[in-house]
Amino acid sequence: MARYLHTSIFVNDMDETIDFYTKKLGLKLLDKAHYPGNADMAFVGRDWDAYIELVYDLEEHAPYDVGNRYEHLALEIDPPLTDLVERLRNDGVKIVKEPKKSPGGTRALAMIEDPNGVVVELLEPKSGPIK
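Shown next as structure tokens:
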């Protein structure tokens, strides 16, 4: 059976993006790699079971835009969500959607934006099965 490993995103500023995912959202910097003439990469997550691969292209290019076929990343966070959203707002993070109940009513969610324009959904743990 296949297993989900990671999502890879191109970033415009590696240090700013690592800071966002580690210091603001509390993920760990799992590893970094440098491929001369090609790319710098960093891996952030709770562990290697599922993580985000950050890629900074070392070749000349225009700043990256989020593609029109991309929706969002999702991270499960420790409650209360409202406290985290308020802290992120005070840190200058763009809040895309304020905290509210999920459509199934089993958890709270909010949407924020990372420094590259990537939308990140923040979810409290499920409180039970979806009805």
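With the sequence shown counted from 1, adding 4 to any position gets you our numbering.
C-beta atoms are modelled at their ideal positions from N, C-alpha and C, and glycine is treated no differently.
All values reported here derive from a predicted model rather than from experimental measurement.
Evaluate contact between the region 87-94 and the region 44-61, counting only Cβ atoms and requiring at least three cross-stretch pairs below 8 Å. no
Is the region 20-38 in contact with the region 48-61, if contact means three or more CB pairs nearer than 8 Å? yes
Residue range of the unbroken alpha helix (DSSP H) whose run includes T21: To locate residue 21, count along the sequence shown from 1; it is residue 17. Where T21 is concerned, the enclosing alpha helix (DSSP H) stretches over 18-23.
Between F24 and the rest of its own chain, which residues show a CB-CB distance below 7 Å, the 5 nearest in sequence each way excluded? For the purposes of this step, residue 24 is identified with residue 20 of the sequence shown, where counting begins at 1. For F24, where only same-chain residues beyond five positions count, the Cβ hits under 7 Å are D118, P119.
To the nearest angstrom, how far is the alpha carbon of I13 from that of D35? Taking the first residue of the sequence shown as 1, we reach residue 13 at position 9. Taking the first residue of the sequence shown as 1, we reach residue 35 at position 31. Answer to the nearest angstrom: the Cα atoms are 15 Å apart.
Where do the ends of the beta strand (DSSP E) carrying V89 lie? Walking along the sequence shown from the start, residue 89 turns up at place 85. Here V89 belongs to no beta strand (DSSP E); instead the alpha helix (DSSP H) covers 85-94.
Could you tell me if V100 is buried or exposed, where buried requires 16 or more neighbouring beta carbons within 10 angstroms of its beta carbon? Indexing the sequence shown from 1 puts residue 100 at position 96. With fewer than 16 other Cβ atoms within 10 Å, it is exposed.
Skipping 5 residues on each side, what residues in its chain have a beta carbon closer than 8 Å to that of P67? Here the question's residue 67 lines up with position 63 in the sequence shown. Same-chain partners within the cutoff: N16.
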